[in-house]
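Q: Following this note's numbering, the numbering of the sequence shown begins with 329 at its first residue and continues without gaps. After the C-alpha cells below, expect a handful of questions from me.
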Amino acid sequence: MRDGAYGRPDSHQSKPQSADHAVDVPPVDGPGDSGESGNSGGVGDWRSAVGEWARAVEAQYRAHPWVLEYRLTAPPATPNELLWLEMLLRVLATTPLNSSEKLSSALMLGNLVRSVTKLEIDVSASDSPEALEEYGSLLFRLLDPEEYREVLGVFSDPALTVMEAEGAELQFVLKRFLDGVAVLIANRS
C-alpha cells in the first residue's frame, strides 16, 4: 500500500479497504489532459472530445467494476475524481456554455456513464435475444394488457433488439446527451 491521505493498493485491480478510496480510479490519457484549455479546433471537436472522455471513463469502470458497487454520496472530491472532472471541463471550456451549464453537463454525463456501464455489466450475463424473448413472455403472462399496454406494446414490437455489443447502450445514451448539449450551445450562438 502507498502511504498518504489517498493511499491505495498498488494493484488497481484489488478492492480497496475503504469506500472513500473506491471511486478514486485514476484517469488515463484523454481529452483535455495535456494542460491546454480544450482542443484545437472546429465546431464539432467538443463532441468528439466529450465522447472520448465518456469512453475512457467507461473503460476505467470496466477495468475496475467494483467501483460501481459504491453509492455516490457527494460531488467529486477525491484527487482522481477531480482530475476526471477537470479533463471534461477543459473540453467544455471550448463551448459558449456558462459555468453552471458546464458543471451540470459534466456531472450529468458522469452519472450517465456510471449508471449505463453498471447496467450493462449487471445484465451482461443475460443480455441476449433469447433472454429478451423470455423476459417478454414473462411480462405477457404476468401483466394486465389494459393496465400495461405500452410496456407490452414495446415488448411485442418485432423491431425491439438487444444491444449486444459492449458499450452499445452507452453509445446510444451518449448521442442523445451530445444532441441535447448541442441544442443548448446552438441557443447560445
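Backbone N, C-alpha and C fix where the C-beta goes; we use that ideal spot for every residue, glycine too. Bear in mind the structure is a predicted one, so any value in this text is a computation, not a measurement.
1) Check whether the stretch 499-513 touches the stretch 410-428, counting contact only when three or more Cβ pairs, one atom from each stretch, lie closer than 8 Å.
2) Counting C-beta neighbours from all protein chains within 10 Å, is the total for Val371 16 or more, i.e. buried, or is it exposed?
3) State the DSSP-derived secondary structure class of Ser362, mapped to helix, strand or coil.
4) Tell me whether the beta-carbon of Ser451 lies closer than 8 Å to the beta-carbon of Leu467.
5) Nearest to Ser433 by CA position, among Glu448, Leu417, Lys503, Ser443, is which residue?
6) With a threshold of 7 Å on Cβ separation, who are the neighbours of Leu441 within its own chain once the five nearest residues in sequence on each side are excluded?
7) Using 10 angstroms around the beta-carbon of Gly481, count the other beta-carbons present and answer buried if the total reaches 16, otherwise exposed.
8) Leaving out five residues on either side along the sequence, give the residues of the same chain with a beta carbon under 7 Å from the beta carbon of Leu502.
9) Could you tell me the alpha carbon to alpha carbon distance between Pro404 and Met415, rounded to whole angstroms?
10) Can you name the start and end residues of the alpha helix (DSSP H) that Leu410 belongs to?
11) On the criterion of 16 or more Cβ atoms from any shown chain inside 10 Å, does Trp394 qualify as buried, or is it exposed?
12) Taking the continuous alpha helix (DSSP H) assigned at Val482, which residues delimit it?
13) What distance in whole Å lies between the Cβ atoms of Lys446 and Leu396, which are believed to be in contact at a cut-off of 8 Å?
14) Smallest Cα separation from Val444: which of Trp374, Arg390, Val419, Ala377?
15) If you run the structure through DSSP and keep just helix, strand and coil, what is Asn426?
16) Check whether the Cβ atoms of Leu506 and Arg375 sit closer than 8 Å, and answer yes or no.
17) Check each candidate in Leu471, Phe483, Pro473 and name the one with the smallest Cα separation from Ala459.
18) Might you give, ordered along the chain, the residues of its own chain that have their beta carbon closer than 7 Å to the beta carbon of Gly366, omitting 5 neighbours on each side?
19) Let me check understanding here. Comparing Cα to Cα, which of Arg516, Ala377, Asn439 lies closest to Thr298?
A: According to the structure shown:
1) yes
2) Residue mapping note: residue 371 aligns to position 43 of the sequence shown, counting from 1. Its pLDDT being 49, under 50, Val371 is placed unreliably by the model, and nothing is read from it.
3) Mapped onto the sequence shown, residue 362 falls at position 34. Because the pLDDT of Ser362 is 42, which lies under 50, any placement of that residue in the model is unreliable, and the number read from its coordinates should be weighed accordingly. Residue state, collapsed to three classes: coil.
4) Translated into the one-based positions of the sequence shown, residue 451 becomes position 123. Translated into the one-based positions of the sequence shown, residue 467 becomes position 139. Checking the sequence, you will find Val at residue 451 rather than Ser. Result no, Cβ atoms of Val451 and Leu467 do not sit closer than 8 Å.
5) Within the sequence shown, the letter at position 105 stands for residue 433. The shortest Cα separation from Ser433 among Glu448, Leu417, Lys503, Ser443 belongs to Leu417.
6) Numbered from 1 along the sequence shown, position 113 holds the residue referred to as residue 441. For the record, residue 441 in the displayed sequence is Val; it is not Leu. For Val441, where only same-chain residues beyond five positions count, the Cβ hits under 7 Å are Ala382, Val385, Glu386, Leu498.
7) Position 153 of the sequence shown holds residue 481. It is exposed - the Cβ of Gly481 has fewer than 16 other Cβ atoms within 10 Å.
8) Here residue 502 refers to the residue found at position 174 of the sequence shown. So the list reads Gly379, Ala382, once near-sequence residues are dropped.
9) If you number the sequence shown from 1, residue 404 lands on position 76. If you number the sequence shown from 1, residue 415 lands on position 87. Their Cα atoms are separated by approximately 13 Å.
10) Looking up residue 410 in the sequence shown gives position 82. Taken as a continuous stretch (DSSP letters only), the alpha helix (DSSP H) holding Leu410 covers 407-420.
11) By 1-based counting over the sequence shown, the position of residue 394 is 66. Exposed: under 16 other Cβ atoms inside 10 Å.
12) Along the sequence shown, one-based indexing puts residue 482 at 154. Unbroken alpha helix (DSSP H) run through Val482: 477-484.
13) In the sequence shown, the residue the question calls residue 396 occupies position 68. In the sequence shown, the residue the question calls residue 446 occupies position 118. The pair is a contact, with the Cβ atoms about 4 Å apart (cut-off 8 Å).
14) The residue labelled residue 444 in the question sits at position 116 within the sequence shown. The candidate whose alpha carbon is nearest that of Val444 is Arg390.
15) On the sequence shown, position 98 is the one that residue 426 refers to. Reduced to three states, the DSSP call for Asn426 is coil.
16) Within the sequence shown, the letter at position 178 stands for residue 506. Within the sequence shown, the letter at position 47 stands for residue 375. Yes, Cβ-Cβ distance for Leu506 and Arg375 is below 8 Å.
17) Start at 1 with the first residue of the sequence shown, and residue 459 comes out as number 131. For the residues Leu471, Phe483, Pro473, the minimum Cα distance to Ala459 belongs to Phe483.
18) Residue numbering aside, residue 366 sits at position 38 when the sequence shown is read from its first letter. Per-residue confidence for Gly366 stands at a pLDDT of 42, beneath the threshold of 50, marking its modelled position as unreliable; no derived number is given.
19) A query on residue 298 cannot be resolved here, the shown segment of the chain reaching from 329 to 517 and no further.
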